[in-house]
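If you count the sequence shown from 1, position 8 lands on 70 in this note's numbering, and the numbers rise without skipping.
Every residue, glycine too, gets a C-beta built ideally from N, C-alpha and C.
These numbers were taken from a predicted model, which means no experiment stands behind them.
A short worksheet on the structure shown next.
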Amino acid sequence: MARRIEITITGIVQGVGFRPYVYNLAVSMGIKGHVANTSEGVRIEAEGEDVQSFLDALFKAPPPLSRIWEYETRLLPVENDPGFRILESSDKGSFTLISPDISVCDNCLKELFDPGDRRYLYPFINCTNCGPRFTITRSVPYDRANTTMAIFKMCPECLAEYRDPQNRRFHAEPNACPVCGPRVELVNSEGISISATEEPIERSISLLKDGLILAIKGLGGFHIACDATNEKTVKRLREKKRKSNKPFALMALNTDMLRDYCEISAPEKKLLESNRRPIVLLKKRFLSALGPVAPANAYLGFMLPYTPLHYILLSRMERPLVMTSGNLSEEPIIKDNAEALKRLAPLVDAFLIHNRDIFMRADDSVMGTRKTQDSEIPYFIRRSRGYTPEPVSLLDEGPEVLGAGADLKNTFTITKGGFAIPGQHIGDMENYLTLLAFEESMRNLKKVLRSEPLAIAHDLHPDYMSTSWALGRPERKYALQHHYAHIGSVMAEHGLKEKVIGVAFDGTGYGTDGKLWGGEFLVCDIHGFERLAHLNYIPLPGGQKAIKEPWRIAVSALIQAQKEKAEFCLEALGFYDKYGAERVQNLVKMARSDKLSIPSSGAGRLFDAVSALVEICDINTFEAEAAMALEAAITEGVDARYPYELKEGVPKILDFSPAIIAITNDLLDGVDKGIISAKFHNAVAFSILDTVKRINSETGLKKVALSGGTFQNNYLLSGTMRLLGENGFEVFINAKVPCNDGGISLGQAYIIRERL
Ligand code: ZN
Ligand code: ZN
Ligand code: FE
Numbered sequence: 063m064a065r066r067i068e069i070t071i072t073g074i075v076q077g078v079g080f081r082p083y084v085y086n087l088a089v090s091m092g093i094k095g096h097v098a099n100t101s102e103g104v105r106i107e108a109e110g111e112d113v114q115s116f117l118d119a120l121f122k123a124p125p126p127l128s129r130i131w132e133y134e135t136r137l138l139p140v141e142n143d144p145g146f147r148i149l150e151s152s153d154k155g156s157f158t159l160i161s162p163d164i165s166v167c168d169n170c171l172k173e174l175f176d177p178g179d180r181r182y183l184y185p186f187i188n189c190t191n192c193g194p195r196f197t198i199t200r201s202v203p204y205d206r207a208n209t210t211m212a213i214f215k216m217c218p219e220c221l222a223e224y225r226d227p228q229n230r231r232f233h234a235e236p237n238a239c240p241v242c243g244p245r246v247e248l249v250n251s252e253g254i255s256i257s258a259t260e261e262p263i264e265r266s267i268s269l270l271k272d273g274l275i276l277a278i279k280g281l282g283g284f285h286i287a288c289d290a291t292n293e294k295t296v297k298r299l300r301e302k303k304r305k306s307n308k309p310f311a312l313m314a315l316n317t318d319m320l321r322d323y324c325e326i327s328a329p330e331k332k333l334l335e336s337n338r339r340p341i342v343l344l345k346k347r348f349l350s351a352l353g354p355v356a357p358a359n360a361y362l363g364f365m366l367p368y369t370p371l372h373y374i375l376l377s378r379m380e381r382p383l384v385m386t387s388g389n390l391s392e393e394p395i396i397k398d399n400a401e402a403l404k405r406l407a408p409l410v411d412a413f414l415i416h417n418r419d420i421f422m423r424a425d426d427s428v429m430g431t432r433k434t435q436d437s438e439i440p441y442f443i444r445r446s447r448g449y450t451p452e453p454v455s456l457l458d459e460g461p462e463v464l465g466a467g468a469d470l471k472n473t474f475t476i477t478k479g480g481f482a483i484p485g486q487h488i489g490d491m492e493n494y495l496t497l498l499a500f501e502e503s504m505r506n507l508k509k510v511l512r513s514e515p516l517a518i519a520h521d522l523h524p525d526y527m528s529t530s531w532a533l534g535r536p537e538r539k540y541a542l543q544h545h546y547a548h549i550g551s552v553m554a555e556h557g558l559k560e561k562v563i564g565v566a567f568d569g570t571g572y573g574t575d576g577k578l579w580g581g582e583f584l585v586c587d588i589h590g591f592e593r594l595a596h597l598n599y600i601p602l603p604g605g606q607k608a609i610k611e612p613w614r615i616a617v618s619a620l621i622q623a624q625k626e627k628a629e630f631c632l633e634a635l636g637f638y639d640k641y642g643a644e645r646v647q648n649l650v651k652m653a654r655s656d657k658l659s660i661p662s663s664g665a666g667r668l669f670d671a672v673s674a675l676v677e678i679c680d681i682n683t684f685e686a687e688a689a690m691a692l693e694a695a696i697t698e699g700v701d702a703r704y705p706y707e708l709k710e711g712v713p714k715i716l717d718f719s720p721a722i723i724a725i726t727n728d729l730l731d732g733v734d735k736g737i738i739s740a741k742f743h744n745a746v747a748f749s750i751l752d753t754v755k756r757i758n759s760e761t762g763l764k765k766v767a768l769s770g771g772t773f774q775n776n777y778l779l780s781g782t783m784r785l786l787g788e789n790g791f792e793v794f795i796n797a798k799v800p801c802n803d804g805g806i807s808l809g810q811a812y813i814i815r816e817r818l
């Protein structure tokens, strides 16, 4: 006897070929009925003798890009449909999950380079299994009319593919060809075409080969591109774009091409080749590899091409390209043609633009892998294009709230149903443009998710731009301490609601006492936190200036540790020679005065001090440069460690003065920097274990959450995890969002969502 059932599926099931998959399966099994996209996901009505087999088969091999979160079935009266149909989308006003943007698939690539194909070298080729998604979507449901492809009317050939359920391009919403789709153009800063009769991409390739710098419009915004092997050009770009040593991102045609410059493990290769195509940090084969791209850095950030345009460019270049974000310093990535022409003109020689609009801007994601005892696991440094708007599952339903994030590496997070959806990387909130991008991205994501958050969580810092934005909003507001929110991000990922020991190590966050925190041991749950221990405050002479110039913190740390012997040590270590006696003496005065320096318990500052003390890095030209250089200098296989002191009290004080004294002695004895760095890192890991053990003996807590930007240091993180694990602690870290300030908004949103 025939039965009819309704199947509703939620998850990432739109724009991923789900309906044709259902259609073809139903037809092959003789099932009648229909399938449609709804604003909640996909709804199927299936009728036949054996709907159970259809249901079983449905979840056996769903399309590769789909993610099924939940499904429900319900019995319906039999309707005797003549066949199976795909219905127009219905819209009930709820929410669904859009797929992130996906790199061009192998089938499309084959066609792209096939001279006989009608899309030969067409830079916008895509199909149901690949192409733009999130960045072109204006609203849900995900249909062509709701994307920036709406203005392109499909030609008869494209339309036939689009309507044929057997075709790879059936309902591929961005479907296009050279006849009907978007096109590229090479222009100057006036917007005037400069490729004359030549094909614009061919012309761009010869300009790049000649050492010129191009702005190239991509998927989530503009890149600034140049030949990475041309030192002169890269130096020219560095002078124009940024006044720092911050590495430029690179793009190589394939992993073979980047093997000339980097070591690459199997998990790194897998990550590079995944259809999300993040930038992956790879260890350089020799420190001078691609010289001015990443000066004095042990790593290069490489990604593989992800749009057809990238593939055409890279295959003709036969060498890696610098592909850095199209913006000025830490401003948001530029996405519109007019804006690019105006703002990037001083930086580039020409613009390779196109007429498919980017609706949602999304910078490239940045990831790395870290080795644990028996595996190598990817982690986020920046979560954006290719991942946004994929949600983090929160296990149960909850109210809609918003986490506004912190000011550096800002992201915001919106919760909806059983999910938290972290937005794309916004950038450093230090200028009006970033604030505009923040508001625009939030407006867009709220619209796509159909979310109206009823409360906002923001950082406690009164001077953060994200804080003043939140304070101007009508919703209920919650100020959450920065490091508590860091730990909250780990709690969110693992669904923790009970009390945990949180170790938050980072550069700076505003404390409840108005001081700068950043080496914190908290006992916390969703209701609040207690600060049970912290790194000793080090005075930052001259405040912010010391954060930019770690040698100032080294002087301060020496004074704190060596007391009256400090001047002798400064002299012996060559500080007077290097920085000038008068300057150093002034600094000594400042460091000894409460009025002229700000106290900071930031772990980042301790790493700064040591890095400058051993003369590895004395100026931070970009955030965490000194700490990263210190990690890069570590000699492997050293077990020794420096002493430190854990002083009882409320809170307990973890004092590294004994380590500073020992480092001074090692330096004067001529001990190798790599060994000093290893002994210091080992000491930090052991001090975390000691402090956690002490807290455990008072509280009985066994669960430890580690977060904060300092834990991007893999040597420190793996050492700390190993020690805690060996001592019976259950350790939780970030895997779905960065442990740096990019993860803060998830923690904020989770904490107030659970409270409400
Ligand atoms: Zn494809
Ligand atoms: Zn066409
Ligand atoms: Fe932080």
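Within the stretch 492–574, complete beta strand (DSSP E) segments of at least 3 residues are found at 517–521, 538–542 and 562–572, given in chain order. With fewer than 16 other CB atoms across the displayed protein chains lying within 10 angstroms of its CB, Tyr-494 is exposed. Relative to the Cα of Cys-801, the nearest Cα in the group Val-246, Ala-328 and Lys-471 belongs to Lys-471. Within the same chain, and ignoring the five residues on either side of Thr-386 in sequence, the residues whose Cβ sits closer than 6 Å to its Cβ are Ile-286, Phe-310 and Ala-311. The Cβ-Cβ distance between Val-646 and Leu-632 falls below 8 Å. Its chain contains Lys-577, Pro-661, Ser-662 and Ser-663 as the residues whose beta carbon lies nearer than 8 Å to that of Tyr-599, once the 5 sequence neighbours on both sides are disregarded; these appear in chain order. Rounded to whole angstroms, the separation of the alpha carbons of Lys-798 and Ser-446 is 11 Å. DSSP, reduced to helix, strand and coil, places His-96 within a strand of the structure shown. For a cut-off of 8 Å, the C-beta gap from Ala-466 to Ile-518 is around 6 Å, short enough to register as a contact. In the DSSP assignment, Leu-578 falls within the unbroken beta strand (DSSP E) covering 578–587. Our two residues, Leu-497 and Met-491, have alpha carbons roughly 6 Å apart in a direct line. Residue state for Tyr-449 is assigned as coil, using DSSP reduced to three classes. In this structure, the beta-carbon distance from Glu-325 to Lys-345 falls below 8 Å. His-743: not part of any beta strand (DSSP E); member of the alpha helix (DSSP H) spanning 735–761, first to last residue.
When rounded, the separation of the alpha-carbon atoms in Arg-381 and Ser-165 is 20 Å. Using a cutoff of 7 Å, the CB of Met-216 counts as near ligand 2, since one of the ligand's heavy atoms is closer than that.
Between Ala-412 and Ile-254, the CB-CB gap reaches or exceeds 8 Å. Separation of Ala-724 and Tyr-704 (C-alpha to C-alpha, rounded to the nearest whole angstrom) is 7 Å.
Inter-residue distance for His-487 and Ala-290 is about 25 Å (C-alpha atoms, whole angstroms).
Looking at the backbone, the Cα of Glu-261 and that of Leu-299 are separated by about 26 Å.
At a threshold of 7 Å, Asn-188 counts as near ligand 1, since its beta carbon sits closer than that to one of the ligand's heavy atoms.
For ligand 1, a non-hydrogen atom lies closer than 7 Å to the CB of Cys-167. Under the 8 Å Cβ criterion, the stretch 619–633 does not count as touching the stretch 514–531, having fewer than three qualifying pairs. In the three-state scheme derived from DSSP, where H, G and I count as helix and E and B as strand, Leu-334 is classed as helix. Relative to Lys-640, the option among Ile-621, Arg-614 and Ala-619 whose CA is nearest is Arg-614.
Ala-468 places its beta carbon 8 Å or farther from that of Thr-450.
An exposed status is given to Arg-538, since fewer than 16 other beta-carbon atoms sit within 10 Å of its beta-carbon. About 18 Å separates the beta carbons of His-544 and Arg-817, which is beyond the 8 Å limit, so they are not a contact pair. In the displayed model, Phe-232 falls within coil according to three-state DSSP, outside both helix and strand. Ligand 2 has a heavy atom closer than 7 Å to the beta-carbon of Gly-243. Remark: C-beta atoms of Val-754 and Leu-778 do not approach each other more closely than 8 Å.
Short note on Asn-775: C-beta not closer than 7 Å to any heavy atom of ligand 1. Taking 8 Å as the cut-off, the beta carbon of Arg-195 is found no closer than this to the beta carbon of Ile-187. Under the criterion of beta carbons closer than 8 Å, Leu-270 and Leu-383 qualify as touching, at roughly 7 Å.
Lys-345 carries a strand assignment under DSSP once its states are collapsed to helix, strand and coil.
Going by beta carbons, Val-355 and Val-296 fall inside the 8 Å limit.
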